[in-house]
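Structure, as structure tokens:
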Amino acid sequence: MFVDQVKIKVTSGAGGNGIVSYRREKYIEFGGPAGGSGGNGGDVIFEGQEGLSTLLDFRYNRHIKGNTGEKGMSKGMNGRNAAHTIIKVPVGTTIYDDDENKVIGDITKHGEQVVVCRGGRGGRGNIAFATSKNPCPAICEKGEPGQERNVRVELKILADCGLVGFPSVGKSTLISAISNARPKIAAYHFTTLVPNLGVVGVKDGRSFVVADLPGLIEGANQGLGLGLQFLRHIERCRVIIHVIDMSGSEGRDPYEDYVIINKELEAYRYDLLKRPQVVVANKMDLPQSKENLEIFKEKTGLEVIEISAFTHQGLDELLYKVADLLDVTPCFKIYEDDDYVMEYKFEPGEVDFEINLVDGIYEITGAGLRRLFEMTDFSSYEATRRFGRQLRAMGVDEKLRELGVKNNDIVRIFEYEFEFID
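When you line the sequence shown up against our numbering, it's residues 62 to 483, in that order.
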């Protein structure tokens with residue numbers, strides 16, 4: 062089964078917890094802190110793999126989880142970092158953050174890796190909190206939670222050129238004539254339901270990869286027919302081969318077919334009409350083809366290559382033309398810098414928060430605050446006091462006073478509620 066788009070949930074591994082521990086050694090009068098830090102959580106990484114051609118595996122694994130870091134140990138030993146989780150995907154896969162609709166990464170080469178979710182940092186043990194004023198602290202941190210994302214994975218096949226045109230214009234017959242691809246060929250519309258790839262060899266030794274894409278119809282850029290489902294596969298093509306049934310055997314006008322398909326390509330993203338286009342008049346062995354071709358040339362003034370995919374007429378001329386264009390056409394950039402996700406990086410001392418008064422309760426939220434909250438062990442009195450000091454250093458107390466908080470008012474920070482004491 063060909064699957065080229067899936068939505069999944071990805072969660073990287075959480076960091077291991079730090080611990081509180083003390084030295085207990087003979088002949089040492091005063092023990093000191095000996096709690097090690099936790100190991101870092103594992104990243105979730107997507108890696109390009111040649112030979113894969115579908116995203117079918119994601120149909121049965123909709124939530125990918127990373128490995129958790131090992132917790133700290135006594136005698137100052139840190140926990141082991143977790144192994145990264147590497148997911149193999151076909152070359153040509155693009156990974157999107159589905160909530161922001163922005164690109165996380167685009168894999169175009171074998172072995173290329175994209176970090177989709179980064180593992181959480183390991184929590185520090187009490188050794189890390191020792192100071193001259195507090196040489197034996199009873200404080201440790203919990204591991205940082207892993208990053209969580211709703212991800213959309215799209216496969217956009219890697220082909221040098223793509224065959225486009227209305228259904229039943231002979232695209233499948235053409236690719237079977239110029240390559241070893243064997244697509245389904247039948248006398249009805251939408252015979253091709255998945256893209257077919259073929260390697261084409263030119264007589265002068267050059268070669269290229271061509272993709273036979275399911276037929277387009279008017280409104281394809283808005284999802285009619287199989288349009289949006291497969292238009293994405295043209296995005297990486299450097300040359301477009303526009304196949305037209307010049308005989309009009311389906312009762313359509315060849316010129317109108319040409320105009321409609323180009324409008325669909327223009328309305329789609331990534332400026333597809335800027336790519337070199339080879340116009341191919343197919344079925345030239347049928348009646349009316351010569352007459353229709355003259356009318357078509359008068360209306361467009363274009364250079365048209367005449368072929369018959371059925372009788373193999375004109376195929377060598379077509380292949381030389383396409384190969385020549387590929388020699389001088391670079392790859393097109395399909396993503397700009399603004400299309401990519403801006404990764405959040407935590408900076409010490411820069412913790413965002415927001416305070417809202419809801420039903421008499423002061424609710425404090427914020428992404429940076431959530432990180433501190435998740436890494437605090439509220440079962441420890443000293444750790445809870447440290448969290449309070451962090452809030453004051455961030456300016457939370459001052460902001461609450463500006464909003465009119467009074468003694469014994471309820472302050473909610475995520476899942477915990479506190480009484481405000483001035």
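Cβ coordinates follow ideal geometry from the N, Cα and C atoms, glycine included.
It should be emphasised that the depicted structure is a prediction, and the values quoted were computed from it without experimental measurement.
Could you tell me the boundaries of the alpha helix (DSSP H) in which residue i lies?
i, result
"Val-383", "376-389"
"Tyr-316", "315-328"
"Val-457", "457-463"
"Thr-361", "350-361"
"Ile-236", "232-239"
"Ala-428", "428-435"
Spatial neighbours of residue i within its chain, please: C-beta separation below 6 Å, excluding the five flanking residues on both sides.
i, result
"Asn-128", "Gly-74, Gly-103, Ala-143 and Ala-144"
"Val-340", "His-303, Leu-363 and Val-365"
"Glu-131", "Gly-77, Gly-100, Gly-140 and Arg-141"
"Tyr-316", "Phe-357 and Lys-360"
"Val-67", "Leu-116, Phe-119 and Val-214"
"Met-62", "Confidence at Met-62 is low in this model, with a pLDDT of 49, below 50, so its placement is unreliable and no value can be given for it."
"Val-150", "Phe-107"
"Glu-60", "This structure gives no information on residue 60, because the portion of the chain shown stretches from 62 to 483."
Keeping to the same chain, check which residues put their C-beta closer than 8 Å to that of residue i; ignore five residues upstream and five downstream.
i, result
"Ala-248", "Reliability fails at Ala-248, whose pLDDT of 46 lies under 50, so the model's placement of it is uncertain and the value that follows must be treated cautiously. Ser-229."
"Tyr-319", "His-303, Ile-305, Val-340, Phe-357 and Thr-361"
"Ile-188", "Pro-94, Ala-95, Gly-96, Gly-97, Ser-98 and Gly-137"
"Asn-469", "Glu-480, Phe-481 and Ile-482"
"Asn-241", "Gly-259 and Val-260"
"Gly-92", "Tyr-83, Arg-84, Arg-85, Glu-86 and Cys-197"
"Pro-348", "Ser-308"
"Ala-191", "Gly-93, Pro-94, Cys-197 and Pro-198"
"Tyr-88", "none"
Assuming residue i contacts residue j (C-beta within less than 8 Å), just tell me the rounded distance between them.
i, j, result
"Arg-336", "Arg-299", "6 Å"
"Val-175", "Gly-181", "Contact doesn't hold; Cβ gap of about 19 Å is too wide."
"Gly-3", "Lys-163", "Since the displayed the chain opens at 62 and closes at 483, residue 3 lies outside it and no answer follows."
"Val-270", "Leu-380", "Rounded, the Cβ-Cβ distance is 13 Å, inconsistent with contact."
"Cys-222", "Ile-301", "7 Å"
"Glu-435", "Glu-205", "7 Å"
"Ile-106", "Val-177", "7 Å"
"Leu-418", "Leu-464", "7 Å"
"Val-402", "Glu-161", "6 Å"
"Ala-444", "Thr-437", "6 Å"
So, are the CB atoms of residue i and residue j less than 7 Å apart?
i, j, result
"Ile-218", "Arg-447", "no"
"Ile-156", "Arg-123", "no"
"Ile-416", "Ile-471", "no"
"Leu-326", "His-294", "no"
"Gly-309", "Asn-353", "yes"
"Ile-236", "Leu-376", "no"
"Gly-207", "Thr-72", "yes"
"Asn-211", "Asp-159", "yes"
"Glu-424", "Arg-473", "yes"
"Ala-384", "Arg-267", "yes"
"Thr-146", "Ile-168", "no"
"Asp-65", "Leu-216", "yes"
Quick one: what's got a C-beta closer than 7 Å to residue i's C-beta in the same chain, skipping five residues either side?
i, result
"Glu-111", "Val-152 and His-171"
"Asp-458", "Leu-452"
"Gln-374", "Met-345, Asp-346 and Ile-368"
"Lys-126", "Thr-72"
"Ala-370", "Gly-231, Thr-234, Leu-235, Ala-238 and Asn-343"
"Gly-284", "Here Gly-284 scores only 45 on pLDDT, less than 50, and its place in the model should not be relied on; the value that follows carries that caveat. So the list is empty, once near-sequence residues are dropped."
"Thr-390", "Arg-299, Val-300 and Pro-337"
"Arg-179", "Ser-73, Asp-104 and Gln-208"
"Glu-311", "Ser-229"
"Lys-382", "Val-339 and Ile-366"
Can you tell me where the beta strand (DSSP E) with residue i in it begins and where it stops?
i, result
"Phe-269", "268-273"
"Thr-169", "Note, Thr-169: premise wrong, no beta strand (DSSP E); not H, not E."
"Thr-72", "66-72"
"His-145", "Where His-145 is concerned, there is no enclosing beta strand (DSSP E), given that its DSSP letter is neither H nor E."
"Phe-15", "Missing from the structure shown is residue 15; the chain here goes from 62 to 483 and no further."
"Lys-126", "124-126"
"Cys-222", "222-225"
"Tyr-477", "477-480"
"Glu-311", "Note, Glu-311: premise wrong, no beta strand (DSSP E); not H, not E."
"Ile-366", "365-367"
Please indicate yes or no: does the CB of residue i lie closer than 6 Å to some heavy atom of the ligand MG?
i, result
"Ala-428", "Among the ligands in the structure shown, none appear at all, so the ligand MG cannot be discussed."
Step through the CB atoms of chain C and report whether any lies within less than 7 Å of the CB of residue i.
i, result
"Ile-302", "You won't find chain C in this structure, because it holds only one protein chain."
>> If we require 3 or more residues per run, which beta strand (DSSP E) segments fall completely within the segment 151-212?
In response: 154-158, 163-167 and 174-178
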